[in-house]
Structure formats: C-alpha cells, structure tokens
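Below is one structure; the comments refer to it alone.
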Amino acid sequence: MTGTIRTVLGDIEPESLGVCNAHDHLFISSPQLPGQELDDAEAALLELNSFAALGGQAVVQWTPYGMGQRLLDLPELSRRSGVHLVAATGLHQAKHYAAAEFAGIRDDLAELFVHQLTAAPVRAGLIKVASAFHHIDEHTRHVLAAAAAAHHATGAPIGVHLEGGTAASAVLDELAGTHGVPPQRVILGHLHRFPDSSIHRQVAAAGAFVGFEGPSRAHHTVDWRLFDNIAALVESGHTDRILLGGDTVTASARSTADGPGMAYLLHTLRPRIERELGLEIATAVFTTNPARAFSTHWRR
Ligand SMILES: [Zn+2]
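The sequence shown begins at 2 in my numbering and counts up by one.
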C-alpha cells in the first residue's frame, strides 16, 4: 500500500489503520434532525470505547462542513479511546444549510475544502459530498466540481452520500468523467439503500469503493438486504471494493441508547461475514479496503 491516511492526530501509514468503521458520526447536527443532534463529547467517547472494546481501531467521521463537525474535540477523543479518527470536510445537500450561510461560501467552496484538508488546526482526511434523489441537481453539480478541484489540489479521497442510494452512476460519471477524479478515489456511500446489485457491480467494476452502512430504524425496510448485497459483490469478484460503516446519525441510535450504534459492526456483522464468507473477506472489508480507500499521496 502506498500513501498515508490523514487522521486528526496526523498522517499515518495505511498498515497501522486497523479494523475500521468506514462511515460514521461522533458529532453531527442538521435542521433536518431537530433535537437529535450528536453534540456530546462524553457520549461520543462512550460510543468509541464500545467499538474499541470489540477490537475497533479506526472510525471515519463523514460529517461535512457546517454540520457540527466539532473538529477540535476529535484529537482528544482519539487519544482517550485509542481509536484513529479521520474527519471530513465537504458539503451536504442544500437543505442542511441556511440559505444565507450557503450564499456566503458558495464561490469559495474548493478553497474552504482545501483549507480544512491542509491548513486547519485539525485536518480532515476526506471530502464528503451528496447527491440528490435519483439525479444531480444544481447544488450537487456545483459541490461536486468544488470537491474535484480540492481533490486535484490535495489528493484527498471523496466520499459521497447518495440520497436513498440512488444516482451512483451519474455521480461517478460527473466526478470521473467530467472532472477527471480517478474512480479509485471515490467512495459511493449508502448503496445498500438502493439494493440493485447490478448497479453495485457496475460502479465497483469501474473502480469506485462501494459503501454499505447501518442498520438503522430509518432504513429498516432495506437493511435486510445488506448481507446479500455484500455477498453479491464478493461473488462477482469485487471484495476489494466493499466498505462498511455504522452511520450513527442520532443520539438514540447509539449503542449506549436504543442502538444498534457502532458496536453492531463488530459484535454481529463481522462474525456473520467470517462465518458465511470467511475470515479473509472480513479482513478485506474491515481492514485492507479502508486502508486503501482512505490513503493517498497527499500533495499538501
Ligand atoms: Zn453518514
């Protein structure tokens, strides 16, 4: 493996990342989830400790700019839990921001992302963006262009929230085709929410990483497809593209509350993958793949 992974405590060799939750949140807030903010550092530490107690060694927080990232809290949490933390910059859908706030940063997005990746007191290691439902709207197009520019300036990987798991091919075309981002630097998230295995195979064959997350109450109707989606990619020879995360977005979804939280990945999902698909597949999905997905040759 080559390159390094940018954690909140500095750049590390990919080999030292370890067992990784590739998509989650310690802190997040949105006008879309009133009263459900993740904004409690002590609760975040408990959640991290529950993940670490099961052998978890790294968590990637996909909270983008302006949604309560709490970057300054992350180094201390990483030190106290012993878990590597990778933070994100980037921007979510327009509905997560006040119109005036977006107008204020609209023309300087790439600069803002590059600053958070390279010059902020706590640096991000991922650019997170988002699609609209089954299409790319004007906001998305603008944000994808900025993310691609920031990628070219820094080498940072790009993680995409696909709304309902949709628009995967359109987003990959826009990033790779229009903007020249190598597909291997793109992580398409939430794909199990649209459990069409032939689309999963297509984007994996193109070289993108395929992110599955959960389970959660919000996505209970499709979560039962998660394991089959993993197995289908394994069977078609795309084990090396699969990433798994917990994607805890509300306080009640933590393992210390109603759950299932981050711990589920290691007390339930990983043992099942080991049992039904084998240890080698589990190691790829939880350790080797994230090490490749989040490491890059940083240009700054
Ligand atoms: Zn998320």
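Built from N, CA and C at the ideal position, the CB exists for glycine as well.
According to DSSP, is residue i part of a helix, a strand, or is it coil?
| i | result |
| --- | --- |
| I13 | strand |
| G56 | coil |
| T297 | strand |
| F195 | coil |
| L72 | helix |
| I137 | coil |
| Q37 | coil |
| T64 | coil |
| L163 | coil |
| T3 | coil |
| G91 | strand |
| L189 | strand |
| A177 | helix |
| A23 | strand |
| A131 | strand |
| H152 | helix |
| L270 | helix |
| G302 | Since the displayed the chain opens at 2 and closes at 301, residue 302 lies outside it and no answer follows. |
| T8 | strand |
| F28 | coil |
| H220 | coil |
| H239 | coil |
| V211 | strand |
| L227 | helix |
Given the structure, does residue i come close to ligand 1, in the sense that its CB is under 7 Å from one of the ligand's heavy atoms?
| i | result |
| --- | --- |
| H24 | yes |
| H162 | yes |
| D248 | yes |
| W302 | Residue 302 falls outside the range modelled here, since the chain spans only 2 to 301, and no answer is possible. |
Can you say whether residue i is buried or exposed, counting buried as having 16 or more other CB atoms within 10 angstroms of its CB?
| i | result |
| --- | --- |
| H93 | buried |
| F295 | buried |
| G212 | buried |
| A101 | exposed |
| T179 | exposed |
| G181 | exposed |
| Q33 | exposed |
| T3 | exposed |
| T269 | exposed |
Tell me which residues share the same chain as residue i and place their Cβ nearer than 6 Å to its Cβ, disregarding the 5 neighbours each side in the sequence.
| i | result |
| --- | --- |
| A177 | P184 |
| R202 | S237 |
| R71 | F28 |
| T125 | According to the sequence as given, residue 125 is Ala; it is not Thr. A88, A89, T90, Q117, L118. |
To which residues of the same chain is residue i closer than 7 Å at the C-beta, ignoring the five residues directly before and after it?
| i | result |
| --- | --- |
| A264 | S51, F52, L55, S256 |
| L163 | S132, A169, V172, L189, G190, H191, L192 |
| L78 | L27, A42, A45, L46, L49, L86 |
| R226 | H193, P196 |
| A146 | H180 |
Just to check my reading of the structure: residue i and residue j have Cβ atoms closer than 8 Å, yes? What is that Cβ distance to the nearest angstrom?
| i | j | result |
| --- | --- | --- |
| N290 | I231 | Their Cβ separation, rounded to whole angstroms, is 12 Å, which puts N290 and I231 out of contact at 8 Å. |
| T155 | T119 | 6 Å |
| A169 | F114 | No, A169 and F114 are not in contact; Cβ-Cβ is about 22 Å, not under 8 Å. |
| G57 | V84 | 6 Å |
| H97 | V61 | Not confirmed; about 19 Å, so no contact. |
| D224 | P216 | 4 Å |
| R142 | G165 | At roughly 18 Å, the Cβ-Cβ gap does not stay under 8 Å, so R142 and G165 are not in contact. |
| T288 | G19 | 6 Å |
| E214 | G247 | 7 Å |
| L245 | L266 | 6 Å |
| L278 | V250 | Contact flag wrong, Cβ pair sits at about 27 Å. |
CB-CB under 8 Å to residue i, same chain, minus the five flanking residues each way: which ones, in chain order?
| i | result |
| --- | --- |
| L173 | P184, V187, L189, V204, A207, A209 |
| G260 | A254 |
| V144 | G91, L92, L110, V130, A131 |
| V123 | V9, L72, L73, L75, P76, A88 |
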